[in-house]
Amino acid sequence: MSHLPPPDRPATTIPLLQQWARDSRRLVMTTAYDAVTARLADPIVDMILVGDSVGNVCLGFDNTLPVSMAMMNHHLEAVARTRPRALLVADMPYLSYHLSPEETLRNAGGFLQRGAAAVKLEGGAKRLAIVRALIDCEIPVMGHLGLTPQSVHAMGGFKVQGRGTHDAVQILEDAHRLQEAGCFALVLEGIPSELAAKITQTLSIPTIGIGAGPHCSGQVLVLHDVLGLTQGHRPKFVRTYVDGFDLLQQALSHWAEDVRRSVFPSAAESYSLPAASQKAVCTWVKPQSGDQSEAR
Ligand code: KIV
């Protein structure tokens, strides 16, 4: 039996997602940054996030701060060209929603014009005005609370948030403020399970957890982490289902070996000339210098 949904399944919409969450159907989101990863993920998940994690996962940066709107647009366009059925969410990168409402609306509106159905941005109370402005312009917003990677320096590193009483209550209150401002869902990242559970129980919009325990309405992981394509430190909340890096490197090394042993390409992997052209090519000799035919 196929584990894939029918290829003509209806496109995932925000009301549909919210209905699924109310029906206690767990929501699944992963990242995609190009057409290949989008085609891999789309038949499997409910939401595809073109995350600013593209910066550290694919572009070699240490964190997400150097990711620009131009980079995000480039990756979003590649994903959108595959016309995914999953809900396509685009991440607002650092400084794309901090400077002025006009610039924020232009950036977020540009994402929708490129095929995203919603945008995601990080932060709580500070972001309420901009969240409302986006929603007023028909731009659905997914909030993101807890360990917000764009605040890496303010947090003093990638650390679990909301362990202390004050911080926990602030995250809980921020979640409610974002819901009241009109967010259609919230990502909860790197917070204790009990706090994520309380947020999920008391909100009417879905929560999507990453390092936030099992009680959220859904889960998100970076696709490259699930497939074992990322190198170096993996946070404890990541579950890797295949050692993709090792597996793919082994395949590449088999091909390189075949080239070096002259067993690639085979006749079946090559083109051949029709008989008439073959004769002309085989009997061709390089004209001598000064030969008339060369001068012409
Ligand atoms: O950029 C990203 O991949 C994210 C997810 C980890 C939620 O924001």
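Our numbering numbers the first residue of the sequence shown as -3 and each following residue consecutively. Just so you know, even glycine gets a beta-carbon here, dropped at the ideal spot from N, CA and C. Note that the structure is a prediction, hence the values are computed from the model and not measured.
Are the beta-carbon atoms belonging to residue i and residue j less than 8 Å from one another?
i      : j      : result
Val63  : Asp42  : no
Met88  : Leu61  : no
Gly233 : Gln14  : A quick correction: the sequence has Phe, not Gly, at residue 233. No, Cβ-Cβ distance for Phe233 and Gln14 is not below 8 Å.
Val137 : Gly105 : no
Gly209 : Ala193 : yes
Ala76  : Gly111 : yes
Asp38  : Pro80  : yes
Val148 : Leu130 : no
Ala86  : Val46  : yes
Val53  : Thr236 : no
Asp239 : Arg230 : no
Tyr93  : Ile126 : yes
Gln157 : Ile187 : yes
Asn306 : Pro6   : No answer is possible for residue 306: the residues shown for the chain start at -3 and end at 292.
Ile135 : Leu108 : yes
Val277 : Leu269 : yes
Arg22  : Gly139 : no
Just to check my reading of the structure: residue i and residue j have Cβ atoms closer than 8 Å, yes? What is that Cβ distance to the nearest angstrom?
i      : j      : result
Val183 : Thr26  : Actually they are not in contact, since the Cβ atoms of Val183 and Thr26 sit about 12 Å apart, beyond 8 Å.
Ala121 : Arg159 : Not really, about 19 Å apart at Cβ, beyond 8 Å.
Gly224 : Phe241 : 6 Å
Cys212 : Ile204 : 6 Å
Ala82  : Thr8   : 5 Å
Leu191 : Leu168 : 7 Å
Leu141 : Asp163 : Actually they are not in contact, since the Cβ atoms of Leu141 and Asp163 sit about 11 Å apart, beyond 8 Å.
Ala31  : Ile44  : Wrong, their Cβ atoms sit about 12 Å apart, outside the cutoff.
Ala113 : Leu72  : At roughly 11 Å, the Cβ-Cβ gap does not stay under 8 Å, so Ala113 and Leu72 are not in contact.
Return yes when the C-beta of residue i is under 7 Å from any heavy atom of the ligand KIV, and no when it is not.
i      : result
Val127 : no
Ser49  : yes
Val115 : no
Asp87  : yes
His140 : yes
Ile206 : yes
Val222 : no
Val156 : no
Glu190 : no
Thr226 : no
Leu45  : yes
Glu185 : yes
Val234 : no
Thr27  : yes
Val148 : no
Val216 : yes
What first and last residue would you give for the beta strand (DSSP E) that runs through residue i?
i      : result
Val115 : Ala114 to Glu118
Val85  : Leu83 to Asp87
Val137 : Val137 to Gly142
Glu185 : Ala181 to Glu185
Terminal residues of the continuous alpha helix (DSSP H) containing residue i?
i      : result
Val127 : Leu124 to Asp132
Ala164 : Thr161 to Ala177
Val277 : Ala271 to Thr279
Leu248 : Gly240 to Arg256
Ser266 : No alpha helix (DSSP H) holds Ser266; DSSP gives it neither H nor E.
Gln197 : Ser189 to Thr198
Ala104 : Pro97 to Gln109
Ala121 : First-last for Ala121: undefined, no H or E at that position.
Val148 : Val148 to Met151
Fully enclosed by the region 206 to 237, which beta strand (DSSP E) runs are 3 residues long or longer?
Fully contained in the region 206 to 237 are the following beta strand (DSSP E) runs of length 3 or more, in chain order: 214 to 217.
List, from N- to C-terminal side, the alpha helix (DSSP H) runs of 4 residues or more that fit wholly inside the region 3 to 71.
Listed in chain order, the complete alpha helix (DSSP H) runs (minimum 4 residues) inside the region 3 to 71 are 10 to 18, 31 to 37 and 50 to 53.
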